[in-house]
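S.K.: Sequence positions in the sequence shown follow this note's numbering and run 63 to 688.
Okay, handing you the structure first.
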Amino acid sequence: MNFIGRETELNSLSQGISPAGTMRSAFISGEVGIGKSALVGELGKKLLGQDSSILWLCPKTPENLSPAGWASQLARDLQAGSALSQDSMNAFAQVIGRELAVLPHTMDSALAIASDGIFSKVADTLIKALGKLMESSDPITFTPVFVFEDVDGYNPRLLTWIETDLNVALRESKHFKKARFLFTGQKARTELEPFFQKFGIEQIHDFFLSGLSSNQSLELFKGHSSEKVSADEVYKKTGGNPSKVLKLASQRVILDKKKAAKMSENSTSMIKALKNLTEQDWSHLFRASYPDRVNRYALEFFCPPREAAYCFNWIKRNPKLADIAPDGDVILKDEVREEVKKIHAEKNPTEAEQWEILSCVLNAFMGIFPNPNEHWIPVNLQLFNCFNRKLCKGIFDEASFEEIDAFLHEYQDFFAINDKQYKMLDDVKLITARFVEIGGVQPKEGLVDEIRVRWEEDQRVAEEQRMAMEQERNNLVTEGEQAKKQIESLGALKDKLLDDFRKPKNFKSKKIYTVSTSPILIVLGIITVGASLYADSIGSYYAAAGLLLTMLGFFWPNVEVKKPAMGRGASGPNLAIETQQRSLEHRIVGLKNRVSSMTGSIQRISSELDEVNSGISEPYVMDEQK
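The structure is reproduced here in structure tokens:
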């Protein structure tokens, strides 16, 4: 079947993410079933087909996967272009499997060990092994494409590991300079912005997937069913959601098969098959004509268990009346069924009417949940207004919870899921309740009361958690604001030191003026004064000069040039300023790291707080359920 629609998105992604493209990261968003995984799968095929150097890293990521489990899944799901041999990829998967075998692959197992450091080396092990794998095909330069499908469904610990340990390992490796990152999710990109920022993605290209057009929806439908329908009918029933289109097509295929079977049967052979039946045979046939699929379980709604066993065995021994399905159930031929129900309505109209009503409920319920061994699960779950896996784990025993967990995964389309809270769809809940009324499996005794007690207890615990987390968040916000003020203060001090260094007023040499006596000048002055006594005409000049020299001798000025004190080494004051600057920078970096850590903690607490609040937003059971 050809890939339908999404041509614009596919072309843009394939060109941008290719080795020659410039798109480093992209985020594909849209509702459940809209075709995100299909687009990713088609993109992988296209990239791997057109370029041999592509390394496609797209692990399947269940909700509770640990970092070790994620890395192991990546190794198993690895795909590559023709530049890498299958043997090389198998060897890589074996190495990762062997290295990480001792670590827990789910967070439940990890929490049991209660060690935060058990996954610290997983990222380093994975990235080094990938690097060696890419080196094995030297000189090929690979373009690794990491795909994180439904990233908004990852558990918080796995997300933290990705944005920290994996992020660091990728940045330290020379092999991942050309790496591309593709994310998908149901939430808007803005809700995942904290994760992208921590992971170091500065620019991410958004691709929002809406429903297919009416013509595209019809084309997809026709690829899986021969039923004649209009494009408007398909679009009206599905909204262009590919998953809903495929489900509608599969339902029509069943109808087509029934119609074909009906047309193929020969009325004459039916009449022959109904001849010579005893009264007991007719009794068996009446009961078997109402369930869509005949088995002992379904027949017990119309007769006691012993009679149901006899009836079932009799029907199986009459192949002209019915076909045997692969699972052992018996399906009455359509013509036989219609004729027998008509005869039953004539012979016993009251019983026929009662059985018709009974069969409508039974067939509707069995059509949704065909496995009788699982019927106890929806019967119990329909009592809940809303619930989550943690609640089920606390109410039911371990074996029962494992069955419920698998059931929720298989039948998730019959539940509305919001923030890990499940609500059974109204029409499914109604059918299930009617099934209980007609005598189906009964819910666990006292379950509603137990749910109410659990609700009250969870409310109390959640309220305590909420208050504690709000207090912790407020404390972190206050501490963060104080740290930011310290950063500003230290930054200003650092800038002042730098400014003083650039304008060194305090490091200029200083002149110091002092006065001292000069014996030579004093003696010379006295001699000059004495000489003036023997000179008549110029004696006064000699006397004045002698006095001047004598005065200078007593008050001789001295000038001392004083340099600033120098530190050890040749750099002097430069070294002192640089040392202070380094000290301030170290303190600033430490404070910034602390602020970043507190910001991450605030975001984590806010996320956990939202989860706590969502968990207590609706009661587990409604008041009318008593």
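Glycine is no exception: its CB is placed at the ideal position from the N, C-alpha and C atoms.
Given the structure is predicted, the values throughout are model-derived calculations rather than measurements.
In whole angstroms, what is the alpha-carbon distance linking V94 and P218?
M.R.: Stepping through the sequence shown from its first residue, residue 94 is reached at position 32. Stepping through the sequence shown from its first residue, residue 218 is reached at position 156. Roughly 21 Å separates the two Cα atoms.
S.K.: Taking the alpha-carbon of Q141 as reference, which of S80, P206, H286 and G131 has the nearest alpha-carbon?
M.R.: Here the question's residue 141 lines up with position 79 in the sequence shown. Measuring from the Cα of Q141, the nearest candidate turns out to be P206.
S.K.: Where does V515 land, buried or exposed, given buried means 16+ other C-beta within 10 angstroms?
M.R.: Numbered from 1 along the sequence shown, position 453 holds the residue referred to as residue 515. Exposed, because fewer than 16 other Cβ atoms sit within 10 Å of the Cβ of V515.
S.K.: Threshold first: 4 residues or longer. Then list the alpha helix (DSSP H) segments lying entirely within the stretch 399-470, N to C.
M.R.: DSSP runs (the alpha helix (DSSP H)) wholly in the stretch 399-470: 411-430, 438-443 and 451-457.
S.K.: Put S199 into one of helix, strand or coil per three-state DSSP.
M.R.: In the sequence shown, residue 199 corresponds to position 137, counting from 1. Coil at S199, not helix or strand.
S.K.: Got a sec? Which residues, its chain only, sit under 7 Å from I158 by beta carbon, not counting five neighbours each side?
M.R.: Position 96 of the sequence shown, counting from 1, holds the residue named residue 158. So the list reads A133, S134, A137, L188 and A191, once near-sequence residues are dropped.
S.K.: Opposite L119 in the DSSP bridges: which residues?
M.R.: If you number the sequence shown from 1, residue 119 lands on position 57. Note: L119 sits in a beta bridge opposite F208.
S.K.: Along the chain, where does the alpha helix (DSSP H) containing V498 start, and where does it finish?
M.R.: Within the sequence shown, numbered from 1, the residue matching residue 498 stands at position 436. That run of the alpha helix (DSSP H) goes D488 to E499.
S.K.: Measure the C-alpha to C-alpha separation of R368 and E397 and round it to an integer number of angstroms.
M.R.: As a working mapping, residue 368 is identified with position 306 in the sequence shown. As a working mapping, residue 397 is identified with position 335 in the sequence shown. So the two alpha carbons sit approximately 28 Å from each other.
S.K.: Report the option in N480, G83, L559 and G592 whose CA atom is closest to the CA atom of T641.
M.R.: Along the sequence shown, one-based indexing puts residue 641 at 579. It is L559 whose Cα lies nearest to the Cα of T641.
S.K.: Among the residues of its own chain, which have a CB less than 6 Å from the CB of A607, if the five just before and after it don't count?
M.R.: Taking the first residue of the sequence shown as 1, we reach residue 607 at position 545. Within the same chain, A607 has close Cβ partners T590.
S.K.: Have a look at the DSSP bridge pairing and note the partners of W618.
M.R.: What you label residue 618 is simply residue 556 of the sequence shown in a count that begins at 1. Note: W618 sits in a beta bridge opposite S578.
S.K.: Whole angstroms are fine: how far does the CA of Q544 sit from the CA of L555?
M.R.: In the sequence shown, the residue the question calls residue 555 occupies position 493. In the sequence shown, the residue the question calls residue 544 occupies position 482. Computed Cα separation, rounded: 17 Å.
S.K.: So for A478, helix, strand or coil by DSSP?
M.R.: Here residue 478 is taken as the residue at index 416 of the sequence shown, counted from 1. A478: strand per DSSP, three-state reduction.
S.K.: Checking 8 Å against the spacing of the C-beta atoms, do P505 and V423 come in under that value?
M.R.: Walking along the sequence shown from the start, residue 505 turns up at place 443. Walking along the sequence shown from the start, residue 423 turns up at place 361. Not closer than 8 Å, so no.
S.K.: For the beta strand (DSSP E) containing F89, list its first residue and its last residue.
M.R.: Here residue 89 corresponds to residue number 27 of the sequence shown, with the count starting at 1. First-last of the beta strand (DSSP E) with F89: S87 to S91.
S.K.: Contact defined as beta carbons within less than 8 Å: I believe F257 pairs with L221. What is the distance between those atoms, to the nearest angstrom?
M.R.: As a first step, residue 257 must be located in the sequence shown, where it is residue number 195. As a first step, residue 221 must be located in the sequence shown, where it is residue number 159. Yes, they are in contact, since the Cβ atoms of F257 and L221 sit about 6 Å apart, within 8 Å.
S.K.: Quick check on the burial criterion: 16 or more other C-beta atoms within 10 angstroms. Buried or exposed for R68?
M.R.: Here residue 68 refers to the residue found at position 6 when the sequence shown is read from its first residue. Its Cβ being crowded by 16 or more others within 10 Å, R68 is buried.
S.K.: With three or more beta-carbon pairs closer than 8 Å as the criterion, would you say the stretch 270-281 touches the stretch 290-297?
M.R.: Verdict: yes, contact present.
S.K.: Excluding five sequence neighbours on each side, which residues of the same chain lie with their C-beta closer than 6 Å to the C-beta of R251?
M.R.: Taking the first residue of the sequence shown as 1, we reach residue 251 at position 189. Hits under 6 Å: F89 and D268.
S.K.: Skipping 5 residues on each side, what residues in its chain have a beta carbon closer than 8 Å to that of K122?
M.R.: The residue you call residue 122 lines up with position 60 of the sequence shown. The answer, listed in chain order, is Q135, D139 and E211.
S.K.: Determine the direct distance from the alpha carbon of K239 to that of S765, and round the result to whole angstroms.
M.R.: Since the displayed the chain opens at 63 and closes at 688, residue 765 lies outside it and no answer follows.
S.K.: Keeping to the same chain, check which residues put their C-beta closer than 6 Å to that of S578; ignore five residues upstream and five downstream.
M.R.: Within the sequence shown, numbered from 1, the residue matching residue 578 stands at position 516. Taken in chain order, the residues that qualify are W618 and N620.
S.K.: Does K395 pass the burial test, meaning 16 or more other C-beta atoms within 10 Å, or should it be called exposed?
M.R.: Along the sequence shown, one-based indexing puts residue 395 at 333. By the neighbour-count rule (16 or more Cβ atoms within 10 Å), K395 is buried.
S.K.: Pull up the CB-CB distance for M684 and N447, whole angstroms please, since I reckon it's below 8 Å.
M.R.: Counting from one through the sequence shown, the residue named residue 684 turns up at place 622. Counting from one through the sequence shown, the residue named residue 447 turns up at place 385. Confirmed, about 5 Å.
S.K.: Can you check which of these residues, S580, Q474, K249 and S87, is closest to T612 by C-alpha distance?
M.R.: Taking the first residue of the sequence shown as position 1, residue 612 is located at position 550. Per the Cα distances, S580.
S.K.: In whole angstroms, give me the CA-to-CA distance for L317 and S80.
M.R.: Stepping through the sequence shown from its first residue, residue 317 is reached at position 255. Stepping through the sequence shown from its first residue, residue 80 is reached at position 18. With a pLDDT of only 46 at L317, under the threshold of 50, the placement of this residue in the model should not be trusted; the figure read from the coordinates follows. Spanning the two alpha carbons is a distance of roughly 44 Å.
S.K.: Rounding to the nearest angstrom, what Cα-Cα distance links I66 and N425 in this structure?
M.R.: The residue given as residue 66 occupies position 4 in the sequence shown. The residue given as residue 425 occupies position 363 in the sequence shown. Cα-Cα distance, rounded: 35 Å.
S.K.: If you check the beta carbons only, do E125 and L101 fall under 8 Å apart?
M.R.: Residue numbering aside, residue 125 sits at position 63 when the sequence shown is read from its first letter. Residue numbering aside, residue 101 sits at position 39 when the sequence shown is read from its first letter. Against a cut-off of 8 Å, the Cβ pair of L101 and E125 comes out as no contact.
S.K.: The alpha helix (DSSP H) spanning F257 covers which residue range?
M.R.: Locating residue 257 in the sequence shown gives position 195, where the first residue counts as 1. Element bounds for F257: E255 to F261.
S.K.: At 3 residues or longer, and completely inside the stretch 344-405: list those beta strand (DSSP E) runs for me, N to C.
M.R.: Correct list: 384-386 and 392-394.
S.K.: Extract the residue ranges of the alpha helix (DSSP H) inside the stretch 278-306, only unbroken runs of 4 or more that lie entirely within it.
M.R.: Segments of the alpha helix (DSSP H) lying fully in the stretch 278-306: 293-300.
S.K.: Taking only the alpha-carbon atoms, compute the straight-line gap between S633 and S551 and give it to the nearest angstrom.
M.R.: By 1-based counting over the sequence shown, the position of residue 633 is 571. By 1-based counting over the sequence shown, the position of residue 551 is 489. Legend: pLDDT at S633 = 47, less than 50; position of this residue unreliable, no value from coordinates given.
S.K.: Hey, would you say Y604 sits closer than 8 Å to A593, going by beta carbons?
M.R.: Within the sequence shown, the letter at position 542 stands for residue 604. Within the sequence shown, the letter at position 531 stands for residue 593. Yes, Cβ-Cβ distance for Y604 and A593 is below 8 Å.
S.K.: Can the beta-carbon of L110 be found closer than 8 Å to that of W118?
M.R.: Here residue 110 refers to the residue found at position 48 when the sequence shown is read from its first residue. Here residue 118 refers to the residue found at position 56 when the sequence shown is read from its first residue. In contact: L110 and W118 (Cβ atoms closer than 8 Å).
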